[in-house]
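Protein chains: 2
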Amino acid sequence: MPARKQTKAPPVMAEADIAIVRIAPETSFKNKAYEALKEAILKMDIYATPEQVMLDERALSERLGVSRTPIREAIAMLEQDGFVRTVPRRGIVVVRRTKTEIVDMIRAWAALESMAARLITTTARKKDITALRDFFKDFGKDRLPQDHVEEYSKANIAFHQALISLSESPVLVDLTNDLLLHVRGYRQLTIGRKDRTATSLPEHLAIIEALEARDTELAEKRARDHTLGLAAYVEAHGQELFS
Amino acid sequence: MPARKQTKAPPVMAEADIAIVRIAPETSFKNKAYEALKEAILKMDIYATPEQVMLDERALSERLGVSRTPIREAIAMLEQDGFVRTVPRRGIVVVRRTKTEIVDMIRAWAALESMAARLITTTARKKDITALRDFFKDFGKDRLPQDHVEEYSKANIAFHQALISLSESPVLVDLTNDLLLHVRGYRQLTIGRKDRTATSLPEHLAIIEALEARDTELAEKRARDHTLGLAAYVEAHGQELFS
DNA sequence: CGAAGATTTTTGGCATACCAAATACCAGGA
DNA sequence: TCCTGGTATTTGGTATGCCAAAAATCTTCG
Numbered sequence: 000m001p002a003r004k005q006t007k008a009p010p011v012m013a014e015a016d017i018a019i020v021r022i023a024p025e026t027s028f029k030n031k032a033y034e035a036l037k038e039a040i041l042k043m044d045i046y047a048t049p050e051q052v053m054l055d056e057r058a059l060s061e062r063l064g065v066s067r068t069p070i071r072e073a074i075a076m077l078e079q080d081g082f083v084r085t086v087p088r089r090g091i092v093v094v095r096r097t098k099t100e101i102v103d104m105i106r107a108w109a110a111l112e113s114m115a116a117r118l119i120t121t122t123a124r125k126k127d128i129t130a131l132r133d134f135f136k137d138f139g140k141d142r143l144p145q146d147h148v149e150e151y152s153k154a155n156i157a158f159h160q161a162l163i164s165l166s167e168s169p170v171l172v173d174l175t176n177d178l179l180l181h182v183r184g185y186r187q188l189t190i191g192r193k194d195r196t197a198t199s200l201p202e203h204l205a206i207i208e209a210l211e212a213r214d215t216e217l218a219e220k221r222a223r224d225h226t227l228g229l230a231a232y233v234e235a236h237g238q239e240l241f242s
Numbered sequence: 000m001p002a003r004k005q006t007k008a009p010p011v012m013a014e015a016d017i018a019i020v021r022i023a024p025e026t027s028f029k030n031k032a033y034e035a036l037k038e039a040i041l042k043m044d045i046y047a048t049p050e051q052v053m054l055d056e057r058a059l060s061e062r063l064g065v066s067r068t069p070i071r072e073a074i075a076m077l078e079q080d081g082f083v084r085t086v087p088r089r090g091i092v093v094v095r096r097t098k099t100e101i102v103d104m105i106r107a108w109a110a111l112e113s114m115a116a117r118l119i120t121t122t123a124r125k126k127d128i129t130a131l132r133d134f135f136k137d138f139g140k141d142r143l144p145q146d147h148v149e150e151y152s153k154a155n156i157a158f159h160q161a162l163i164s165l166s167e168s169p170v171l172v173d174l175t176n177d178l179l180l181h182v183r184g185y186r187q188l189t190i191g192r193k194d195r196t197a198t199s200l201p202e203h204l205a206i207i208e209a210l211e212a213r214d215t216e217l218a219e220k221r222a223r224d225h226t227l228g229l230a231a232y233v234e235a236h237g238q239e240l241f242s
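This is the structure:
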């Protein structure tokens, strides 16, 4: 019942060591706007619309019920992320990536993921590695991935994110997530479509096996080659998918 | 003398094809502030000062001669970069990385650079690869790197950046530059100090050789191991260097 | 003196107003 | 009807002002 104070000096009375978590800072409008806009951008299929998508500060501020100030700050952040580009006196355009850029990003992703695999072989616990198989427990000979592309795609992404998390490297996790957001924006390639889905599952299992075997070099190579395979796929078959 | 118009339709009269370059967009205060603050943060030795460095919006706006608005937008951008963290009603603190974080970043850097090396073996021109040696032309048996650590460190960084640029992958270049900015902030490790400097040069040359030989796997491995070596060094000897 | 409490100051968050460049729109003239 | 100017409007950029939470400072009472 005693209201907790922040006096740090006199231990006259031992304070109840209750788990008080430093009350939620009530995220600012700036951050709320950032999250909202980011989600909105990721949700829309920017590659589907013919003409480029533009944002309007005033319209957004009205829609979100806040002034332009926090909106502008959020826009500035999104611009740092590379999601939008603001042109003075022109407007704010949602950035569309070219096929080349997407391929480039997937390559970087491959680099980071292979490093994650490398680290995992030396630090992760066996049970955590084995747990990676669970993402694909719903698929097998009697339920082929290529027959449930959408669902498999979700499992696919979850697997990759879980894999990288196992590296316990915040940097790898963050960088990869950022890249993935951009790549996913291009949803027509649902991370390797039907024709790639078939080979995907065995490759994933092979990666897991290498991890379990603590074979650093092999795990790294398999992780890298797997994702580079996606890059090559996009590079080869992505023509018609991009404007 | 005729003022150029932007009409694109009727070629009634051939327009003077004067080299008019779309007047410089006069970068905004927001961007100027961003650049200025970023440089200031990178220039100061944040790991040298005992207590954490704080920024003050009003003070900055006064110093830079602009209002708080563009300053705040710049701060928002820097926060996205991970250089500062703003605490509501508290202040803006310049982020200090822990040793673990620095090591983590160097590992990610190793991953990206090894991918760059990989790409280079398949696309770069021989003369561009060979040109990488020039960065170290001032060093040799008669002028050891460890006797000119500061100078060698500069050459070192320039080499790595040039190397990654050769990959012609904007993503790799950008991500690496970002990481490097954070790592360099910790200048007491001048990218591998004296004791590492000795082994650094031969390793660089070995990387170049592998690139010239177009040995993809070897180049990748050497690039990776070289930078991972730095990570290991920091992890082992960085104790006293961090608070 | 010392400490609890009240008050002032500081600091980031947000709203608003105004500016200038770009653009859209419109009326007049060939 | 179709340009040509010119004017109104739109849009991002910037400056200010005020607010509330925190911190710092001062005050007062035991």
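Protein sequence lines correspond, in order, to chains B and U. Quick note on numbering that gives the first Met the number 0: the first sequence kicks off at 0 and runs consecutively. Quick note on numbering that gives the first Met the number 0: the second sequence kicks off at 0 and runs consecutively. Here a beta-carbon is modelled for each residue, glycine too, at the ideal position from N, C-alpha and C. All values derive from a computational prediction rather than experimental measurement.
Rank U:T68, U:L180 and U:A209 by C-alpha distance to the C-alpha of S27 of chain U and give the top, closest one. U:T68
Thinking just about the alpha-carbon of each residue, which of U:I70, U:I101 and U:E50 is nearest to the one in E34 of chain U? U:I70
Cβ of K98 of chain B within 8 Å of any chain U Cβ: no
Below 7 Å CB to CB, which residues in the same chain sit around T175 of chain U once its five sequence neighbours on both sides are set aside? W108, L111, E112 and I163
How close, in whole Å, do the beta carbons of A116 of chain U and L210 of chain U come, if the pair is a contact with beta carbons under 8 Å? 6 Å
Assign E216 of chain B to one of two classes, buried (16 or more other C-beta atoms within 10 Å of its C-beta) or exposed (fewer than that). exposed
Do L131 of chain B and A161 of chain B have their C-beta atoms within less than 8 Å of each other? yes
Within its chain, find whatever has a CB closer than 6 Å to the CB of I128 of chain B; leave out the 5 residues flanking it on each side and keep chain order. L210 and E211
Residues in its own chain within less than 7 Å of L85 of chain U by CB, not counting five upstream and five downstream? For the sequence presented, residue 85 of chain U should be read as Thr rather than Leu. So the list reads I74, E78 and I91, once near-sequence residues are dropped.
Along the alpha helix (DSSP H) that carries I101 of chain B, what are the first and last residues, could you check? K98 to T122
Can you tell me whether T226 of chain B is buried or exposed, with buried defined as 16 or more other CB within 10 angstroms of its CB? buried
Name the two residues that bound the continuous alpha helix (DSSP H) containing G228 of chain B. T215 to H236
Below 8 Å on the Cβ atoms is my contact criterion, and I expect Y232 of chain U with T196 of chain U to pass it. Report the Cβ-Cβ distance as a whole number of Å. Incorrect: roughly 11 Å between the Cβ atoms, too far for contact.
Measuring CB to CB, does R106 of chain B end up less than 8 Å from S168 of chain U? yes
Buried or exposed by the 16-neighbour rule on C-beta atoms within 10 Å, applied to M257 of chain U: It is not possible to answer for residue 257 of chain U, since the shown part of chain U is limited to 0 through 242.
According to a CB-to-CB cut-off of less than 7 Å, which residues of the region 72-99 of chain B neighbour chain U? E72, A75, M76, Q79, D80 and P87
For V93 of chain B, does the three-state DSSP call read helix, strand or coil? strand
Helix, strand or coil, according to DSSP, for G184 of chain U in the structure here? helix
Bridge-paired residues (DSSP) for M53 of chain U: U:V92
Chain B within 8 Å of R221 of chain U, Cβ atoms only: no
Residues bridged to L129 of chain B by DSSP? At residue 129 of chain B the sequence reads Thr, which differs from the Leu that was named. According to DSSP, which records beta bridges pairwise, T129 of chain B is partnered with nothing at all.
Partner residues on chain U for P201 of chain B, Cβ-Cβ distance less than 9 Å: Per Cβ cutoff of 9 Å: no residues; P201 of chain B is ~23 Å from chain U at best.
Beta bridge counterpart(s) of G64 of chain B as assigned by DSSP: Beta-bridge pairing links G64 of chain B to no other residue.
Within 10 angstroms of the Cβ of E72 of chain U, are there 16 or more other Cβ atoms? Answer buried if so, exposed if not. buried
Which residues in the same chain as L204 of chain B place their Cβ atom closer than 8 Å to its Cβ, once the five residues preceding and following it in sequence are excluded? R132 and F135
Just to confirm, is the Cβ distance from T120 of chain B to D214 of chain B under 8 Å? yes
Whose C-alpha, out of U:S66, U:D103 and U:A123, is nearest the C-alpha of G228 of chain U? U:D103
Close beta carbons around S66 of chain B, own chain, < 7 Å, minus the five adjacent residues each side: S60
Show which residues of chain U have a CB atom less than 7 Å away from the CB atom of D103 of chain B. S168, P169 and V170
Using DSSP with H/G/I as helix, E/B as strand and the rest coil, what is T175 of chain U? helix
For V170 of chain B, the nearest candidate out of U:L41, U:S166, U:V94 and U:T99 (CA to CA): U:T99
Find the nearest neighbour of K125 of chain U within the set U:A230, U:N30 and U:I207, judged by alpha-carbon distance. U:I207
Beta strand (DSSP E) segment containing R84 of chain U, residue limits: V83 to V86
Residues near I45 of chain U in its chain [Cβ-Cβ closer than 6 Å; skip 5 each side]: V52, V93 and R95
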